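*Asks:*
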Amino acid sequence: MTYEERIQNVSVIGAAGKMGSGILLLTALEMTDLSLLPENKEKTFVLNAIDVSPEGLSGLMKYLREQVRKTAEKKIVWLRKMYATRDDLVENYDIINEYIFDALNIVRPVSTISAAYASNIIFEAVSENRALKVKLLSDIDNHNSNNPWYFTNTSSVPIGLIEDEANLKGRIIGFHFYNPPAVQRLVELIKTDNTLVEVVEFSHLYAKKLRKIIVPSNDFAGFIGNGHFMRDALHGMNEAQTLAAEKNIPLYMAIYIINKVTQDYLVRPMGIFQLIDYVGIDVVQFILGVMNPFFKDENLHSELLDKMMLQGTKGGQMSSGAQKDGFLKYKGGRVTSVWDIHKQEYVDIDKFQEECNEMMGNMPDSAVDWKSIIKNKNKDKLLSGFFNDLKSSENLGAKTAINYGKKSMEIANKLVTDEVAQEVDHVNTVMLTGFFHAYGPVNNFFE
Amino acid sequence: MKRKVYMTGGFNTISMGTGRKEFHPKKPRPGLEDYIRKAGKGTLDQIGGADNVDEGVIGNFMASRFNKQANLPGFVPYIDEKLQWKPATSVEGACASGGLALISGIKSVLAETADVVLSLGVEVQNTVKAMYCADILAGAGWYQNRKNGHAYFFPGQNSDRAGAYYEKVGYDKARSGMKQWFINAMENARLDETAQEHQNKVADLGALYDKLKPNGTAFVDHLNVLDCSKVSDGASAIAICSEEGLKRTGVDKKNAIEVIGFAQSIRNITNAPTDLTELETIKRASRKALENAGITIDQVGTIETHDCFSIAGVLSTEAIGLAKNGEGWDYVASGNTARDGKMPMNTTGGLIGWGHPTGATGVHQAVTIWQQLTGKAGKSQIKITDERPYGMTINMGGDDVTVVAIVYKRA
Chain V
1 MTYEERIQNV
11 SVIGAAGKMG
21 SGILLLTALE
31 MTDLSLLPEN
41 KEKTFVLNAI
51 DVSPEGLSGL
61 MKYLREQVRK
71 TAEKKIVWLR
81 KMYATRDDLV
91 ENYDIINEYI
101 FDALNIVRPV
111 STISAAYASN
121 IIFEAVSENR
131 ALKVKLLSDI
141 DNHNSNNPWY
151 FTNTSSVPIG
161 LIEDEANLKG
171 RIIGFHFYNP
181 PAVQRLVELI
191 KTDNTLVEVV
201 EFSHLYAKKL
211 RKIIVPSNDF
221 AGFIGNGHFM
231 RDALHGMNEA
241 QTLAAEKNIP
251 LYMAIYIINK
261 VTQDYLVRPM
271 GIFQLIDYVG
281 IDVVQFILGV
291 MNPFFKDENL
301 HSELLDKMML
311 QGTKGGQMSS
321 GAQKDGFLKY
331 KGGRVTSVWD
341 IHKQEYVDID
351 KFQEECNEMM
361 GNMPDSAVDW
371 KSIIKNKNKD
381 KLLSGFFNDL
391 KSSENLGAKT
401 AINYGKKSME
411 IANKLVTDEV
421 AQEVDHVNTV
431 MLTGFFHAYG
441 PVNNFFE
Chain B
448 MKRKVYMTGG
458 FNTISMGTGR
468 KEFHPKKPRP
478 GLEDYIRKAG
488 KGTLDQIGGA
498 DNVDEGVIGN
508 FMASRFNKQA
518 NLPGFVPYID
528 EKLQWKPATS
538 VEGACASGGL
548 ALISGIKSVL
558 AETADVVLSL
568 GVEVQNTVKA
578 MYCADILAGA
588 GWYQNRKNGH
598 AYFFPGQNSD
608 RAGAYYEKVG
618 YDKARSGMKQ
628 WFINAMENAR
638 LDETAQEHQN
648 KVADLGALYD
658 KLKPNGTAFV
668 DHLNVLDCSK
678 VSDGASAIAI
688 CSEEGLKRTG
698 VDKKNAIEVI
708 GFAQSIRNIT
718 NAPTDLTELE
728 TIKRASRKAL
738 ENAGITIDQV
748 GTIETHDCFS
758 IAGVLSTEAI
768 GLAKNGEGWD
778 YVASGNTARD
788 GKMPMNTTGG
798 LIGWGHPTGA
808 TGVHQAVTIW
818 QQLTGKAGKS
828 QIKITDERPY
838 GMTINMGGDD
848 VTVVAIVYKR
858 A
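So the protein lines, in turn, are chains V and B.
Each step along the first sequence adds one to the number in the numbering used here, with nothing skipped, and position 435 is 435.
Adding 447 to a residue's 1-based position in the second sequence gives its number in the numbering used here.
#1: Near residue 266(V), what residues of its chain come up, given a Cβ to Cβ distance below 7 Å and the 5 sequence neighbours on each side ignored?
#2: At which residues does the beta strand (DSSP E) containing residue 680(B) begin and terminate?
#3: Note down, one range per segment and in chain order, each beta strand (DSSP E) of at least 3 residues found wholly within the segment 384-428 of chain V.
#4: What does the alpha-carbon distance come out to for the pair residue 5(V) and residue 465(B)?
#5: Does DSSP classify residue 804(B) as helix, strand or coil?
#6: Here's a check: name, in chain order, each residue in its chain whose Cβ is nearer than 6 Å to the Cβ of residue 695(B), leaving out the five neighbours to either side.
#7: Identify which residue in 714(B), 782(B), 822(B), 797(B) has its Cα closest to the Cα of residue 703(B).
#8: Might you give, ordered along the chain, the residues of its own chain that have their beta carbon closer than 6 Å to the beta carbon of residue 649(B), omitting 5 neighbours on each side?
#9: Using the C-alpha atoms, what's the distance from residue 328(V) back to residue 345(V)?
#10: Looking only at its own chain, which residues have a Cβ that is under 6 Å from the Cβ of residue 20(V), when we skip the five neighbours before and after it?
#11: Are there 16 or more other CB atoms within 10 angstroms of the CB of residue 631(B), so buried, or fewer, so exposed?
#12: What are the boundary residues of the alpha helix (DSSP H) that includes residue 235(V)?
#13: For residue 370(V) and residue 269(V), what's the separation of their Cα atoms in angstroms?
#14: Hey, could you find the ends of the alpha helix (DSSP H) residue 196(V) is sitting in?
#15: May I have the straight-line CA-CA distance separating residue 750(B) from residue 27(V), to the nearest angstrom?
#16: Along chain V, which residues have their Cβ under 8 Å away from the Cβ of residue 582(B)?
#17: Closest Cβ-Cβ distance between residue 73(V) and chain B: below 8 Å?
#18: Residues of chain V with CB under 8 Å from residue 664(B), in chain order?
#19: Beta carbons nearer than 8 Å to chain V: which residues of the segment 560-578 of chain B have them?
#20: I'd like to know if the segment 215-225 of chain V and the segment 179-194 of chain V are in contact, where contact means that at least 3 CB-CB pairs between them fall below 8 Å.
#21: Restricting to Cα atoms, I'd like to know which of 712(B), 795(B), 532(B), 770(B) is closest to residue 546(B).
#22: Alpha carbon to alpha carbon, what distance is there between residue 366(V) and residue 633(B)?
#23: Between residue 598(B) and chain V, is the shortest Cβ-Cβ distance under 8 Å, so that the two count as touching?
#24: Cutting at 8 Å between CB atoms, please list the residues of its own chain near residue 520(B), excluding the five before and the five after it.
#25: Using the Cβ count rule (16 or more neighbours within 10 Å means buried), how would you classify residue 260(V)?
#26: Can you find a C-beta in chain B that's less than 8 Å from the C-beta of residue 33(V)?
#27: Taking 8 Å as the CB-CB cut-off, is residue 87(V) touching chain B?
#28: Since residue 461(B) and residue 491(B) should fall inside the 8 Å C-beta cutoff, what is the C-beta to C-beta distance between them, to a whole number of angstroms?
#29: Name the one or two DSSP bridge partners that residue 835(B) has.
#30: By a C-beta neighbour count over all protein chains shown, 10 Å radius and 16 as the cutoff for buried, is residue 832(B) buried or exposed?
#31: Is residue 189(V) helix, strand or coil by DSSP?
#32: State the start and end residues of the unbroken beta strand (DSSP E) segment that holds residue 458(B).
#33: According to DSSP, simplified to helix, strand and coil, what is residue 109(V)?
#34: In terms of alpha-carbon separation, which member of 794(B), 486(B), 455(B) lies closest to residue 804(B)?
#35: Anything in the segment 599-627 of chain B with a Cβ closer than 7 Å to a Cβ of chain V? List those residues in chain order, please.
#36: Give the residues of chain V in contact with residue 593(B), contact being defined as C-beta atoms less than 8 Å apart.
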C-alpha cells in the first residue's frame, strides 16, 4: 500500500480534544492537498473525527473552518494552480471557499468508534489513560480487517505496554505532538521493540509533509519531553519548599522567587510554576503518577501537587485558550497573585514582591530577556556573558539560578544514561523546539 | 487653455495601513464616509467654507466592493450640509480615479459650469485581507484575464513586466534601479507625517531589499513585497477654481498653483501591452500634457509618477522621456530621481512610501505638487528653481490603461 493509498481512510480518536483537534486539522489539510493532485482526482478521502462529545465535534467543525481558511489564504498561489481547471472558480475568494469545502467534505464527525473499523490509519489522542487506550485500540483491531496502523499521541505511558495489551504486534508507534499541534513543530517518535519498519517510514514521511521536526525517544515512561519537564518541575517545587524553610518565609513568597528565577534568570519563556499551571496541575500530577512506577530509584511524586488538587486549584486552560488560575493567578496573561496553601487564598504580589526582589538581589546589567534573545544571532555570546556574571554573584537569585541550570543539565544527562534519549542533542532539541527554551539544558553555561 | 484654472487648499488624511503604528487590522477603524468628510473639510477650511463651492467630484475605484457602497455623490453633502442640493458626481478609472476627479473638475471650470469644484479621491481598502484585496483590485484589468492571472493579480502583471525588463537590461542592473526607487520612497515618506511609511525606521534599507529575494512560491516571480505599494485607507482633496472662483475663496494666489496643461490617454483594456518594458499610455499622456502646456520636460522641476510597483517607477522614467529606452534603471540608480537629484520624483514617498489608497492617489499627487510649488511641503520641501518652475503628475489606472497627466506652475 502506498502512502497515498494508506492515508485515504484515517480516523482520529479524541478528535474534539485539544491535541486531537490539532492532529485532525493537520491530517485534513494533508489529505485535502493530496486529493487535489491530478492523479488523485477520482479517489475518495475519508477522515473520521471520532469523539464522545457531540458538542466538542460541533466546536471542532467551527475550529476547522477557521483554521482551514487561514491556511488556504497563506497558500493561495498554490491553490490557484490546483483549481486551474475549474472555470467556475475565478477569484481567490471563490478558490479559498472551495478549498474549505473540500477539506470539511473529507471530515466525518462521529461519536461511534465503529467508524474506525474501515480505516488504515488510526490516530489516537484520548486522555492519558492506559486502560482506555487499550480498550479502544483492541476494539478497533478486532473489527478492522485492514490490519491498521496506530499512531498514538501518548505522552507518558510506555507504548510497548499498550501494544502488548491491545495485541497490536508492531502496528503501533508513539507519535507525540506538542501542544498546540498545529503550531508546535516538535514530534517525539517512540518505537516499541516490535514497531514495523514500514510504520516508521510512514511516520517520517507524514511528519515531513506536516513540516514537523522528529526527535526519536526510547520507549520509557514520560519519554524525553515529560522526562525532563516532570523532573524539572519537581525540582522547582522542592526548591520552593526548601527556600521557604531555610529563609523562614511563606511558601507563596518562595514560589514567587523560584518562578522568577526560572523565567528571568534562566531566560525561559515562562517560570516553572507558570508552566505547571499552563500544562495543568492535574495533568502534571497524573503524568507523574504514570511515570513513577517505572523508575525504582526515584520518587516522582509531589505532595505539594496533591495538596493543590485537594484545594481545587488545578490550572490548565479554558476552551478560549486563556489560562486558569493555579499556583499563580493571572490577569490578561500577567501574574497578579500567588496561592497561599495555608490560608487557601491568593495573595496579591504587590504585598511581597519588593521584599522578594530585595532578597534575590539585583540582576547584573548583562541580563537578557527571553523574547529579545530567542532569535538573536549573538544569543550564545549574550547568554554566556549573563550567566558568567550570575556565577560570580553571591546574590540569592543568581545562586539559585546557577544551581537550577546545573540540575536541569543533570536531568538531561540522566535521560541519556537511562537510555530514554539516544543522545544529548535529542534532549536539547526537545527543549528548544517543544518548550521554546533559548538554549538546551546540556550546555557550558553553568559549570 | 481658454480659461485660467487654479488648484488650492490641498489636504491629505493619513494613509492608513500596515506600517502605521496606530493601525490594528482587528480593531474598528474609520469608514469610507469618515475619510471623505475629513479630507473634504480639510480643503473647505482653507477656501472659506462650503458656501464657496459650486460642485463636488469624488474619485473612487471600488467602494462598491471594499465597502459595499455605491452612489458616492451622496457623501458630498455629508462633508458639509451646505453642499446639499448642489451638483456632485463620482468618477472611476481604477487607480486613475483620482486623476479623473481632477480633470473632471478642470473641465467643469473650463466649461464655465463651475468656478469652484471640490475634487476628492478616496479608497478604504483594509476591510479585506490582502489576498481578497487582490481580487477586488484585479477589476482594473480585463475580467476575462482574471482566471488565468496570478493570485496577486496586479503584482503578477508587474512581475511579468519586471521579468521582461530583467531580460532586456540584465537582472542586476534592473534590480539596482528598483532598489534605489524603494530607498527613495522610504526616505521621502519619513519626512511626511501623513505617509504610511512615515514611521519606517529600517537602518539599512538597501540591505533589507537585497535580503528579500523575489520568491514565486510565496508571492510573485520577479518582485519582492518591497517592490509593491501597500494596502491603504486614505483620502485627499483639493479645490479647483477659475480666476473668479479663486477670488471668491479669498485665497491669495501665492497659495495656489495653476494648471497649464493636461492630457488623458486610454489603452484598449482587452489587449496585452505590445512591449512589456514600455509604458506606452504614460508616454503618450505625459508628452501630450507637456505639449498642451507648451513646455519641455527639461523645464519641469518635480514629478509625481504612479509607482504602484518599483518597476512601474523605473519604466515611467523612460516613458516620460527622462531616460533613454532601457536606461531607466541607471537613471534611478544614479540618484537622479532622489529628492536632491536632477529630477526629484515622488517627494512625499509616492505610492510605495506615502501609500496607495487607489481612488485617492491621483488627488494626493496633485496635493504634493501644490505643497512643493507653494512652499508648504514642510520637511518634504525641495527647492524649486526659476529655471524649472513646473510640476507634473502622472496617474495610471490598471496596467497602463487609463492615464491622466497634468502640468502645473505657481499661480
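Each residue gets a CB set at the ideal place from its N, CA and C atoms; glycine is no exception.
What you are looking at is a predicted structure, and each value in this text was computed from that prediction instead of being measured.
*Replies:* On the basis of the supplied data:
#1: 401, 404, 405
#2: 680-688
#3: Taking only runs of at least 3 residues, no beta strand (DSSP E) segment lies wholly in the segment 384-428 of chain V.
#4: 45 Å
#5: coil
#6: 499
#7: 822(B)
#8: Within the same chain, Cβ atoms closer than 6 Å to the Cβ of residue 649(B) are found at 655, the five residues on either side in sequence being excluded.
#9: 11 Å
#10: 12, 14, 125
#11: buried
#12: From DSSP, the alpha helix (DSSP H) with residue 235(V) extends over 225-247.
#13: 6 Å
#14: That residue, residue 196(V), is in no alpha helix (DSSP H); it is neither H nor E in DSSP.
#15: 54 Å
#16: Within 8 Å of the CB of residue 582(B), the CB atoms of chain V belong to 91, 92, 93, in sequence order along the chain.
#17: Cβ-Cβ to chain B under 8 Å: yes for residue 73(V).
#18: 77, 78
#19: Taken in chain order, the members of the segment 560-578 of chain B whose beta-carbon sits within less than 8 Å of a beta-carbon on chain V are 576, 578.
#20: The segment 215-225 of chain V vs the segment 179-194 of chain V: in contact.
#21: Cα-wise, what sits closest to residue 546(B) is 712(B).
#22: 35 Å
#23: yes
#24: Cβ within range, chain order: 503, 505, 535, 536, 537.
#25: buried
#26: no
#27: yes
#28: So it is not a contact: roughly 19 Å between Cβ atoms.
#29: In the DSSP output, where bridge partners are listed per residue, residue 835(B) has none listed.
#30: With fewer than 16 other Cβ atoms from the protein chains shown falling within 10 Å of its own Cβ, residue 832(B) counts as exposed.
#31: strand
#32: 452-459
#33: strand
#34: 486(B)
#35: Residues of the segment 599-627 of chain B with a C-beta atom less than 7 Å from some C-beta of chain V do not occur.
#36: 90, 91
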